[in-house]
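Data first, discussion second: the structure below is written as structure tokens.
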Amino acid sequence: MAISHGYIELADSLSSCKVLVVGAGGIGCELLKNLVLTGFKNIEVIDLDTIDVSNLNRQFLFQKKHVGKSKAQVAKESALQFCPSANITAYHDSIMNPEYNVEFFRKFMLVMNALDNRAARNHVNRMCLAADIPLIESGTAGYLGQVTVIKKGMTECYECQPKPTQKTFPGCTIRNTPSEPIHCIVWAKYLFNQLFGEEDADQEVSPDTADPEAAWKPEDTAARATASEKDGDIKRVSTKDWARSTGFDAVKLFNKLFKDDIMYLLTMDKLWKKRKAPTPLDWQQLEDSARPQEETPGSGLKDQQVLGVWGYCQLFQHSVETLSSHLQEKGEGAELVWDKDDPPAMDFVTAAANLRMHIFSMNMKSRFDVKSMAGNIIPAIATTNAVIAGLIVLEGLKILAGEVETCRTIFLNKCPNLRKKLLVPCVLDPPSANCYVCASKPEVTVKFNVHKTTVLALQDRILKERFGMVAPDRKNCKTFFGYYYYLCVVRLHELEHDVEFEVVGEAPDKAPTPPSNQEEANSITNGNKDSAQPSTSSKAEDDSDDVMIVDSDEEEAASSATAKPAPSSGTKRKHSDAETGETSTKRPRTTQQSSAAADNDDDDDIIALD
Amino acid sequence: MIDTIEKEDPVISEEEAAQYDRQIRLWGLDAQKRLRGSRVLLAGLGGLGAEVAKNLILAGVKGLTLLDHEQVSEESCRAQFLVPVTAQGQNRAKASLERAQNLNPMVEVHADPDRVEDKPDDFFLQFDAVCLIGCSRDLMVRVDQLCSQRNIKVFCGDVYGYYGYMFCNLGQEHNYVEEKLKVVKPTRDSNDGPEAKKAKVDLNETTMVKKTASFCTLKEALEVDWTSEKAKAGLKRTPVDYFLLHGNEKCQFIKQVKKYKCFSVIYVILDSKPLAGFFCVENSFAGIRPMSPPSTKFHGHGHAAFA
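Chains A and B supply the protein sequences, listed in that same order. The numbering of the first sequence is the working numbering, which starts it at 550 and goes up by one. The numbering of the second sequence is the working numbering, which starts it at 14 and goes up by one.
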């Protein structure tokens, strides 16, 4: 087919330019296929992961025989089949490896993210800003998806809008007063680490005597004294050591965790004034009154069955035995790492969480449901990824054709909106003036207790974890790749209990109230452990493409007729939404503006004809 | 037919549970069972057809029949990814079979080299759903008529450059369920947590609500009288390209004289009234972009979103 004018240049640029795809999973596979068929000839793809059987429902470049192999490598081989003359380079590596420095990124005309976690997205965002390369960002979750373009100086960067950090729960909720299944699941994962894995001071499972709600008095009650004596004052002995001393005896473990510790909690009576008190379990009693579990054959998956209490007691015992023998096999000083796909590890968390749920009067959950929550599983299908990958390429073509102003953020919804649209484009916002990543003089202020925070904690929890710095230089306070950050140290002692630090301009780092359904659905498309999308409550739906203006005079007339809200109003609205917890308009409004625009357009469409 | 599917093979194997895990967590086990009991026909293995084939096979239908009489051309391998570059001259459906099957060995994939127009009525009746891609209007109307009466779901579609359409007829009485969040009523002894004092939306619990929808036939859709008052009222929300794409007999195309740089202007006329205007970038893979006609006498017109 003959191609005219500017499209020849575009076709040339497709075959000569180099592009980078970060991630070879759900979006990555579809994207690689699209790039190859569109005519891109020089593609590099990077992914640190290997292929799992659960990937095969959507990551179609992989087959069963490839399970265990490198995603990037196999993706390259499969994609080459579609166009053997393409040049594809695969890296089985993490994009956060310092080897992929600014020079590496500068090789590319375009970078496309196909990631599933925020840390990597933050990192690639910063690298693309440093190298000044356009970045196409995207994400999917279930039926929902989104694509956006990030161009230094022109658009918001990925970190311009503060995103809520991953949901964490206060220690006392986990240790003393769980009220939701997720609290019990988090507790069970902590327990796994305390017994079999890397012990972490932030992952205590025993009752928290310092709970301010308990209004604890050192003058103890008889029960507390008894409990302490029984366990040999466990605070001085690590949980793992204590367990080892009992030979990982499941029954002893059970009675300590689900009976003694609960009885201890009961003595903190202030906690139970307004809450339903927990009921301790006794192994012997449960065994004596156990009845054979009724099987409901066929109707659901095996994993979807909810067992009885005794069933979970047995599962607990069995998994403890398996895990402790794994641990012993590994030898002295060994540690296990929790993995949702490791059956005994998953069994253990299922059992422990359910026993705790039962104690605290919650309905128990099936292994299937526990796995979703414990493993942060995001449901996924092929078609959503296919649509998003298609949109990524369309945005990419606009960039290569030099038409970045026509790029949009596009949302893929589950149901059509009032205008019957499933795909909703929005105009891109300009960069945020005080973004600590892309502003010309990036700066952020953090409050923390100078006396209580160690330098290591400052580095690990604040610089690395919170701000995503890969290799902060302690001496000069700058990151490896040349971003300068100025930390204003404020001596503050009144941070709330359980709050380690506070970034000025944001709410303290605590568990937020559960978001409305819409927000939560919108906010998980950025992947596992992410809590928000680039916020769009300020964005107007892009109406300008509805009417194609031929004459340039009319173009101005029409744009003023389509009333768009000023970008500056965005920030304010967004914060108020978050604070009041309203169902936010993070998906852009469509009704009012669009119908107004449509009515006004009648006169604007007169085109002079000879 | 779909309602009886559950009786076939109700037990999902461990292999299936592991492979389909992420989608079962989205649309539920019941939906997955229905998929794995359905047989689907896919006619037309061009670029769009290959994508549909991939998506259906990955979803785990029971069987998929690839029907295409066309031969693989040099362009075929660039249009779609199921046909190997070495397969020129072969039948397109047969050439797509191996890669299609490898996408998911648990699906029975067949290739049929016949013309879809030559198939007798009862050929279509063996399926639970049929997808007609790039087919003629007459064929689509015929198959739609035949299938929708027997609760066989019909999907039609095609693409042209940046444009495309999809039509579906799920029957006059299509039953489905919608997932809605459960509202937890406040009770003293609420089992979901000791602190449930107020009614809240429980994000973990959902309930299925039964619903019914009614679809019109393709014939009915094509025969809509766009000059009627009722239809005109709906025009605002009807994409202009709808008319271009379905080539209604009542629409005539007039190529306008004015040429702007490298494009020409085309108008869609309905009963001698200008309905829609397009400007066409000549010979370009960018396709066509819509615009509104010059006449202000026309009441209401549709807008198209061009992403």
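Ideal Cβ positions, reconstructed from N, Cα and C, are used throughout, including at glycine. Source: prediction; values computed, not measured.
| Check | Outcome |
| --- | --- |
| Using a threshold of 7 Å, is the CB atom of GLN139(B) nearer than that to any non-hydrogen atom of the ligand ZN? | Within the structure as shown, the ligand ZN is missing, as the structure has no ligands at all. |
| Does the beta carbon of LEU39(B) sit closer than 8 Å to a beta carbon anywhere in chain A? | yes |
| Nearest to LYS232(B) by alpha carbon, out of VAL190(B), ASP157(B), TYR176(B)? | ASP157(B) |
| What's the call for ARG49(B), buried or exposed, on a 16-neighbour Cβ count within 10 Å? | buried |
| Kindly say whether VAL74(B), judged by its beta-carbon, lies nearer than 8 Å to any beta-carbon of chain A. | no |
| Measuring alpha carbon to alpha carbon, tell me which residue in ARG957(A), MET895(A), ASP890(A) is nearest ASP601(A). | ASP890(A) |
| To the nearest angstrom, report how far apart GLN101(B) and VAL942(A) are at their CA atoms. | 28 Å |
| Return the chain-ordered list of same chain residues with a C-beta closer than 6 Å to the C-beta of HIS187(B), the five sequence neighbours on each side being excluded. | ALA226 |
| Measure the alpha-carbon distance for VAL143(B) versus GLY76(B) and round it to whole angstroms. | 12 Å |
| Checking the sheet assignment: what are the DSSP bridge partners for ALA226(B)? | HIS187(B) |
| Three-state secondary structure (DSSP) at ILE685(A)? | strand |
| Just tell me which of ASN68(B), ALA56(B), CYS169(B) has its CA closest to the CA of VAL347(B). | The structure shown does not extend to residue 347(B), since chain B is modelled only from 14 to 320, so the question has no answer here. |
| Please work out which residues of its chain come closer than 8 Å, Cβ to Cβ, to ASN1220(A), disregarding the five sequence neighbours upstream and downstream, and give them in chain order. | No information on residue 1220(A) is available, as it lies outside the stretch 550 to 1159 that chain A covers here. |
| Within the continuous beta strand (DSSP E) that includes VAL167(B), where are the two ends? | 166-173 |
| By the three-class DSSP mapping on this structure, what secondary structure does GLU88(B) have? | coil |
| Can you check the region 60-129 of chain B for any beta strand (DSSP E) of at least 3 residues that lies completely inside it and give the ranges in chain order? | 76-80, 121-125 |
| Which residues, in chain order, does the region 951-963 of chain A contribute to contact with chain B at a C-beta distance below 9 Å? | ARG957, ILE959 |
| Are the region 750-760 of chain A and the region 709-725 of chain A touching by the rule of at least three beta carbon pairs closer than 8 Å? | yes |
| Give me the residue from GLU762(A), ILE595(A), GLN695(A), LEU806(A) with the minimum Cα distance to GLU648(A). | ILE595(A) |
| Using a Cβ-Cβ distance under 8 Å, would ILE25(B) count as near chain A? | yes |
| Can you list, in chain order, the stretches of the beta strand (DSSP E) that have 3 or more residues and sit fully within the region 912-970 of chain A? | 957-961 |
| For GLU884(A), I'd like the list of residues in its chain whose CB is within less than 6 Å of its CB, leaving aside the five on either flank, ordered along the chain. | GLY746, GLU747 |
| List the residues of chain A whose Cβ lies closer than 8 Å to the Cβ of LEU42(B), in chain order. | GLY849, LEU850, GLN853 |
| Per DSSP, what are the beta-bridge partners of GLY694(A) in this structure? | THR689(A), LEU961(A) |
| Does any residue of chain B bring its CB to less than 8 Å from the CB of ASP561(A)? | no |
| In terms of DSSP beta bridges, what is GLY177(B) paired with? | VAL172(B) |
| Leaving out five residues before and five after ASN903(A) in sequence, what residues of the same chain have Cβ atoms less than 7 Å from its Cβ? | TYR861, MET913, LYS914 |
| Can you give me the start and stop residues for the beta strand (DSSP E) that THR638(A) sits inside? | 636-640 |
| Pairing CB atoms from the region 926-943 of chain A with CB atoms from the region 610-627 of chain A, are three or more of them under 8 Å? | no |
| Alpha carbon to alpha carbon, how far is THR251(B) from LEU39(B)? Give it in angstroms, no decimals. | 31 Å |
| Which residues mark the beginning and the end of the alpha helix (DSSP H) in which LYS823(A) is found? | Segment: none, LYS823(A) is in no alpha helix (DSSP H) and carries neither H nor E. |
| Go ahead and label VAL1096(A) buried or exposed: buried means 16 or more other beta carbons lie within 10 angstroms of its beta carbon, across all protein chains shown. | With a pLDDT of only 27 at VAL1096(A), under 50, the local geometry of the prediction cannot be trusted, and no value is derived from it. |
| With 16 other CB atoms within 10 Å as the buried threshold, where does SER634(A) fall? | exposed |
| Quick one: give me the first and last residue of the alpha helix (DSSP H) that LYS243(B) is part of. | 242-248 |
| Between PHE589(A) and chain B, is the shortest Cβ-Cβ distance under 8 Å, so that the two count as touching? | no |
| Restricting to Cα atoms, I'd like to know which of ALA792(A), THR933(A), GLY849(A), LEU806(A) is closest to GLN877(A). | ALA792(A) |
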